[in-house]
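The structure under discussion appears below in the form of structure tokens.
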Amino acid sequence: MSEDTKIGGPGGKFPATRWSAIQAARSKDPAEQSRALDAIVAAYWKPIYKYLRLRWGKSNEDAKDLTQEFFLRLVEKDYLKSFDPRKARLRTFLRLCVDRFVANEAKAAKRLKRGGGAPHLPLDFATAEKELKRAKAPVGSDSPEDALDEYFQQEFVRNLFTQSIEKLRQLCVERGKELHFRIFEAYDLNDEERGRLAYADLARKFGLTTDEVTNYLSYVRREFRDIALIKMRELTGSNNEFFQESRALFGVKPK
Amino acid sequence: MNWLSDDAIARLQTASALPDVAGTRYRLVQRIGSGGMGAVYLSEDCILGRRVALKILDLPDDSGDLAARLLREANILARLEHPGIVPVHDAGTLSDGRVFYAMKFVEGQRLDRMMEQASPLPDRLRIFQRICDAVAFAHARGILHRDLKPENIMVGSFGEVLVMDWGIAKILRDPEGATPGAGSEVGDAVTAAPVKTAHGTILGTPGYMAPEQARGEIETLDERADIYSLGAVLQFLLAGVPLAEGSSNDESSSVARPLAAIARKAMAADAGSRYASAARLGEDIAHYLDGLPVSAYPENIFRKLVRWSSRYRLAIVLVITYLILRTLLFLWSRG
Numbered sequence: 149m150s151e152d153t154k155i156g157g158p159g160g161k162f163p164a165t166r167w168s169a170i171q172a173a174r175s176k177d178p179a180e181q182s183r184a185l186d187a188i189v190a191a192y193w194k195p196i197y198k199y200l201r202l203r204w205g206k207s208n209e210d211a212k213d214l215t216q217e218f219f220l221r222l223v224e225k226d227y228l229k230s231f232d233p234r235k236a237r238l239r240t241f242l243r244l245c246v247d248r249f250v251a252n253e254a255k256a257a258k259r260l261k262r263g264g265g266a267p268h269l270p271l272d273f274a275t276a277e278k279e280l281k282r283a284k285a286p287v288g289s290d291s292p293e294d295a296l297d298e299y300f301q302q303e304f305v306r307n308l309f310t311q312s313i314e315k316l317r318q319l320c321v322e323r324g325k326e327l328h329f330r331i332f333e334a335y336d337l338n339d340e341e342r343g344r345l346a347y348a349d350l351a352r353k354f355g356l357t358t359d360e361v362t363n364y365l366s367y368v369r370r371e372f373r374d375i376a377l378i379k380m381r382e383l384t385g386s387n388n389e390f391f392q393e394s395r396a397l398f399g400v401k402p403k
Numbered sequence: 467m468n469w470l471s472d473d474a475i476a477r478l479q480t481a482s483a484l485p486d487v488a489g490t491r492y493r494l495v496q497r498i499g500s501g502g503m504g505a506v507y508l509s510e511d512c513i514l515g516r517r518v519a520l521k522i523l524d525l526p527d528d529s530g531d532l533a534a535r536l537l538r539e540a541n542i543l544a545r546l547e548h549p550g551i552v553p554v555h556d557a558g559t560l561s562d563g564r565v566f567y568a569m570k571f572v573e574g575q576r577l578d579r580m581m582e583q584a585s586p587l588p589d590r591l592r593i594f595q596r597i598c599d600a601v602a603f604a605h606a607r608g609i610l611h612r613d614l615k616p617e618n619i620m621v622g623s624f625g626e627v628l629v630m631d632w633g634i635a636k637i638l639r640d641p642e643g644a645t646p647g648a649g650s651e652v653g654d655a656v657t658a659a660p661v662k663t664a665h666g667t668i669l670g671t672p673g674y675m676a677p678e679q680a681r682g683e684i685e686t687l688d689e690r691a692d693i694y695s696l697g698a699v700l701q702f703l704l705a706g707v708p709l710a711e712g713s714s715n716d717e718s719s720s721v722a723r724p725l726a727a728i729a730r731k732a733m734a735a736d737a738g739s740r741y742a743s744a745a746r747l748g749e750d751i752a753h754y755l756d757g758l759p760v761s762a763y764p765e766n767i768f769r770k771l772v773r774w775s776s777r778y779r780l781a782i783v784l785v786i787t788y789l790i791l792r793t794l795l796f797l798w799s800r801g
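Those sequence lines, one after another, are chains G and F. Under the working numbering, the residue at position 102 of the first sequence is numbered 250, and the numbers go up by one with no gaps. Under the working numbering, the residue at position 36 of the second sequence is numbered 502, and the numbers go up by one with no gaps.
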């Protein structure tokens, strides 16, 4: 994602970036294509890896290779060319592509030994594997298919939020607002502290007033949301898809 | 960074979804409703010290279409100053980019929920009259509601009736009487960008929208589409349940025939056969309540007699009693 992306606009805090990885992936400019692929890989490689492990019961090594190969095919076969945001969401489309890809691989049963010559993406599979063990298994929905869809969505959100928080941390450091971030970290991210810390406790801990804690948290949350929305904007192909996905991202349920 | 737990994700989602009212005169109290594009929050106006309802877009609207729609709705409400239409107090953009407007917080119940408790028929009909009054006023101001249904009507704790949710209303003409381009839906030039709905788009609620509205005839819709919806609301008030899609009101039901006829006329498939105005529909209900003939229900002499005797029941009883007493007195004096 662009480092010069502006957070907020003159009339409010709309994501200023209109760049969409979906549109860029169809560009004839190799640099744009590469940038688009980077954005898509960053957002989806973990959900896809975990999905391969759970849905397809692939071993750690197989899932690693298949994840790498899937993104390679995504470029080679130009899968995104057939993506229509009016018909499906990108994450649904990609999940279906993964299913088809794995089914075809199994059917052909003549896959080359993976890793032989394919340019590997620098993906941290060890972390993904640790996360896989900590996340809840896809249960509790009406159907196994729905459960997998929810799982894929949750892992996508986890990945996107994690990246957004990292970006937020950098932003706060650049702006000299490390304290703002530490309060956010203590109150919103830290599961252990959340249960026992009130605003007044945070105020004491960081030597602030309760109002300052409120304002600091409000600031960081707003920036976090803007960063997450910009990332989501990159990963959607139309305004409608962006709106629907943003609602899903923040758990806004219609009546 | 550390692994982000499901609980932390949920906290971030909740915190991010909550509108940022910092820097405004409002303080959020609680979320009291939600719709397709936004939510309504019970809030406190900290300057005036009163409760208001804030309707706020769920998220900043990248395209600006939803923001334009919300501002347009606020603009329409501002034009409709009537006791039966929820008043708007303020509109603007929050620091997080979400468009909002503030309106009166109506304490009471939605009409559909109110109907879960039994209430006398005359009370229900008086509520319906007030709905007709509000809609007639809006029509006189050149505005169609297009989504009249019990869920969009609030009955206040003091009996006031308010028509809510003008989000898909259509402006037929401006208050000065000039008609905008056919089928156009315009917002105020200063606050809300024009919003146009393509012909063929279906807006409304099945069971409550007129057939022509269900067919997506956006450009030719007029007041009679709302008359149909009012008929469906009346049907709901009479039967206690919404009319099933595609069915017609039942002659054999326990509903009084003149009332059934009123609902039937309002919901005529042919728009030309419906009431000419919401005011006329309300008048028919008033006539029914007063024991007068209703335009939707032609009477033969027998029906007239029944209605007349029903209306003047007390007087008839008194006259008959008087005649019986006079006869008895006469017979006694002769005997």
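Note that beta-carbon positions come from the ideal geometry of N, C-alpha and C, so glycine has one too.
Query raised in the report: So with Cβ pairs under 8 Å, would you call F/Gln479 a contact of chain G?
Result: Locating residue 479 of chain F in the second sequence gives position 13, counting from the first residue. With 8 Å as the cut-off, F/Gln479 counts as an interface residue toward chain G.
Requested in this report: Grab me the residues of G/Lys206's own chain with a C-beta within less than 7 Å of its C-beta, minus the 5 sequence neighbours each way, in chain order.
Outcome: Here residue 206 of chain G refers to the residue found at position 58 when the first sequence is read from its first residue. Hits under 7 Å: Leu200, Leu214.
Query raised in the report: Counting only beta-carbon atoms, is F/Ser482 nearer than 8 Å to chain G?
Result: For this step, residue 482 of chain F is matched to residue 16 along the second sequence. It does; some Cβ of chain G falls within 8 Å.
Query raised in the report: Does the beta carbon of F/Thr657 come closer than 8 Å to any beta carbon on chain G?
Result: Within the second sequence, numbered from 1, the residue matching residue 657 of chain F stands at position 191. Residue confidence for F/Thr657 is low, a pLDDT of 38 falling below 50, so the modelled location carries little weight; the figure read from the coordinates is stated next. With respect to chain G, the C-beta atom of F/Thr657 has no partner C-beta closer than 8 Å.
Query - Cross-strand partners of F/Asp556 (DSSP beta bridge) - result: Residue numbering aside, residue 556 of chain F sits at position 90 when the second sequence is read from its first letter. As DSSP reads the structure, F/Asp556 sits in a beta bridge with F/Ala568.
Requested in this report: Would you mind sorting F/Lys636 into buried or exposed? The rule is 16 or more other CB atoms within 10 Å of its CB.
Outcome: Start at 1 with the first residue of the second sequence, and residue 636 of chain F comes out as number 170. The residue in question, F/Lys636, is buried, as its Cβ has 16 or more Cβ neighbours within 10 Å.
**Report entry** Three-way DSSP call (helix, strand, coil) for F/Glu711 in this model
**Finding:** Residue numbering aside, residue 711 of chain F sits at position 245 when the second sequence is read from its first letter. Residue placement at F/Glu711 is poorly supported in this model, since its pLDDT is 49, which falls under 50; the coordinates still yield a value, given next. F/Glu711 falls in the coil class under three-state DSSP.
Report task. Would you mind telling me which residues of chain G sit closer than 7 Å to F/Asp473, beta carbon to beta carbon, in chain order? Result -> Along the second sequence, read from residue 1 onward, the residue named residue 473 of chain F stands at position 7. The answer, in chain order, is Asp339.
Requested in this report: Answer yes or no: do F/Gly501 and F/Glu573 have a C-beta to C-beta separation smaller than 8 Å?
Outcome: Along the second sequence, read from residue 1 onward, the residue named residue 501 of chain F stands at position 35. Along the second sequence, read from residue 1 onward, the residue named residue 573 of chain F stands at position 107. Result no, Cβ atoms of F/Gly501 and F/Glu573 do not sit closer than 8 Å.
Query - Cβ shell of F/Glu743 (< 8 Å), same chain only, five flanking positions each side left out - result: Sequence index remark: in the second sequence, residue 743 of chain F carries index 277 (1-based). One point to set straight first is that residue 743 of chain F is Ser, not Glu, in the sequence displayed. Within the same chain, F/Ser743 has close Cβ partners Ala602, His605, Glu689, Ile693.
Query - Inter-residue spacing [alpha-carbon to alpha-carbon] between F/Met503 and F/Ala781 - result: Stepping through the second sequence from its first residue, residue 503 of chain F is reached at position 37. Stepping through the second sequence from its first residue, residue 781 of chain F is reached at position 315. Distance between the alpha carbons of F/Met503 and F/Ala781 is about 57 Å.
Query raised in the report: Quick one: Cα of G/Ser386 to Cα of G/Gln392, how far?
Result: Here residue 386 of chain G refers to the residue found at position 238 when the first sequence is read from its first residue. Here residue 392 of chain G refers to the residue found at position 244 when the first sequence is read from its first residue. Using only the alpha carbons, I get a separation of about 10 Å.
**Report entry** Residue closest to G/Thr384, alpha-carbon to alpha-carbon, out of G/Phe332, G/Ser366, G/Phe329, G/Pro233
**Finding:** As a first step, residue 384 of chain G must be located in the first sequence, where it is residue number 236. Taking the Cα of G/Thr384 as reference, the smallest distance to any Cα among G/Phe332, G/Ser366, G/Phe329, G/Pro233 is reached at G/Pro233.
Query raised in the report: What residue range is occupied by the uninterrupted beta strand (DSSP E) comprising F/Gln496?
Result: The residue labelled residue 496 of chain F in the question sits at position 30 within the second sequence. Note, F/Gln496: beta strand (DSSP E), 492-500.
Query - Amino acids of chain G, ordered along the chain, whose beta-carbon sits closer than 8 Å to that of F/Ala488 - result: Position 22 of the second sequence holds residue 488 of chain F. Under the 8 Å cutoff, chain G gives Asn363, Ser366.
Query raised in the report: Using a Cβ cut-off of 8 Å, which residues of the segment 664-688 of chain F contact any Cβ in chain G, in chain order?
Result: Listed by position, the residues of the segment 664-688 of chain F near chain G (Cβ gap below 8 Å) amount to none.
**Report entry** Short CB-CB distance (under 8 Å) between F/Trp469 and chain G
**Finding:** Your numbering for residue 469 of chain F matches position 3 in the second sequence. Taking Cβ atoms only, chain G reaches closer than 8 Å to F/Trp469, which makes this a yes.
Query raised in the report: Going by C-alpha distance, which of G/Ile196, G/Asp336, G/Leu242, G/Leu228 is nearest G/Glu277?
Result: Mapped onto the first sequence, residue 277 of chain G falls at position 129. When each option's Cα is compared against that of G/Glu277, the closest is G/Ile196.
Query raised in the report: What separation, rounded to the nearest whole angstrom, lies between the Cα atoms of G/Ala351 and F/Leu514?
Result: Mapped onto the first sequence, residue 351 of chain G falls at position 203. Mapped onto the second sequence, residue 514 of chain F falls at position 48. About 30 Å.
Query raised in the report: So which residues on chain F does G/Val223 lean against when the C-beta distance must stay under 9 Å?
Result: Translated into the one-based positions of the first sequence, residue 223 of chain G becomes position 75. From the beta-carbon of G/Val223, no residue of chain F is found nearer than 9 Å; the closest lies around 27 Å away.
Query - F/Glu626 - DSSP class collapsed to helix/strand/coil - result: One-based indexing of the second sequence puts residue 626 of chain F at position 160. Here F/Glu626 sits in coil by DSSP.
Query raised in the report: Apart from the five residues just before and just after F/Ala729, which ones in its own chain have a Cβ nearer than 6 Å to its Cβ?
Result: Counted from its first residue, the second sequence places residue 729 of chain F at position 263. The residues are Gly697, Leu700, Gln701, Asn715.
Report task. Confirm, please, whether the CB-CB distance from F/Arg545 to F/Ala607 is below 8 Å. Result -> Here residue 607 of chain F is taken as the residue at index 141 of the second sequence, counted from 1. Here residue 545 of chain F is taken as the residue at index 79 of the second sequence, counted from 1. The residue asked about is misnamed: residue 607 of chain F is Arg in this sequence, not Ala. Yes, the pair counts as a contact, with Cβ atoms nearer than the cut-off.
Query raised in the report: When you compare only the Cα positions, how much space is there between F/Glu617 and F/Leu638?
Result: The residue given as residue 617 of chain F occupies position 151 in the second sequence. The residue given as residue 638 of chain F occupies position 172 in the second sequence. Cα to Cα, the separation comes out at about 24 Å.
Query raised in the report: Name the DSSP bridge partner or partners of F/Lys636?
Result: For this step, residue 636 of chain F is matched to residue 170 along the second sequence. In the DSSP output, where bridge partners are listed per residue, F/Lys636 has F/Leu610.
Query raised in the report: From what residue to what residue does the alpha helix (DSSP H) around F/Val772 run?
Result: Stepping through the second sequence from its first residue, residue 772 of chain F is reached at position 306. DSSP places F/Val772 in the uninterrupted alpha helix (DSSP H) bounded by 767-777.
Query raised in the report: Any Cβ of chain F within less than 8 Å of the Cβ of G/Phe273?
Result: As a first step, residue 273 of chain G is located in the first sequence; it is residue number 125 there, counting from the start. Cβ-Cβ to chain F under 8 Å: no for G/Phe273.
Report task. State the Cα-Cα distance for the pair F/Gln479 and G/Phe304, rounded to the nearest angstrom. Result -> Here residue 479 of chain F refers to the residue found at position 13 of the second sequence. Here residue 304 of chain G refers to the residue found at position 156 of the first sequence. Their Cα atoms are separated by approximately 13 Å.
Report task. Would you identify the three-state DSSP class for F/Pro509, choosing helix, strand or coil? Result -> Locating residue 509 of chain F in the second sequence gives position 43, counting from the first residue. Per the sequence presented here, residue 509 of chain F reads as Ser, with Pro not at that position. Looking at F/Ser509 - three-state DSSP - the assignment turns out to be strand.
Requested in this report: Determine the chain G residues that contact F/Asp613 at a beta-carbon separation under 7 Å, and present them in chain order.
Outcome: Sequence index remark: in the second sequence, residue 613 of chain F carries index 147 (1-based). In chain order: nothing, as chain G lies at least about 14 Å away.
Requested in this report: Tell me where the alpha helix (DSSP H) around F/Arg690 begins and ends.
Outcome: As a working note, residue 690 of chain F is residue 224 in the second sequence. F/Arg690 -> alpha helix (DSSP H) spans 689-705.
Query raised in the report: In chain order, what residues of the segment 280-310 of chain G put their CB closer than 8 Å to some CB of chain F?
Result: If the cut-off is 8 Å between Cβ atoms, the segment 280-310 of chain G has Arg282, Ala283, Lys284, Gln302, Val305, Arg306, Phe309, Thr310 near chain F.
Query raised in the report: Candidates F/Ile634, F/Asp524, F/Trp469, F/Pro586: which alpha carbon is nearest G/Lys281's?
Result: Mapped onto the first sequence, residue 281 of chain G falls at position 133. The shortest Cα separation from G/Lys281 among F/Ile634, F/Asp524, F/Trp469, F/Pro586 belongs to F/Trp469.
Query raised in the report: Comparing alpha-carbon positions, which option in G/Val223, G/Arg317, G/Tyr299 lies nearest G/Val189?
Result: For this step, residue 189 of chain G is matched to residue 41 along the first sequence. Taking only the C-alpha atoms, the option nearest G/Val189 is G/Val223.
Query raised in the report: Would you say G/Gly264 reaches chain F, if we count a Cβ-Cβ gap shorter than 8 Å as a contact?
Result: As a first step, residue 264 of chain G is located in the first sequence; it is residue number 116 there, counting from the start. Here G/Gly264 scores only 48 on pLDDT, less than 50, and its place in the model is too uncertain to base an answer on.
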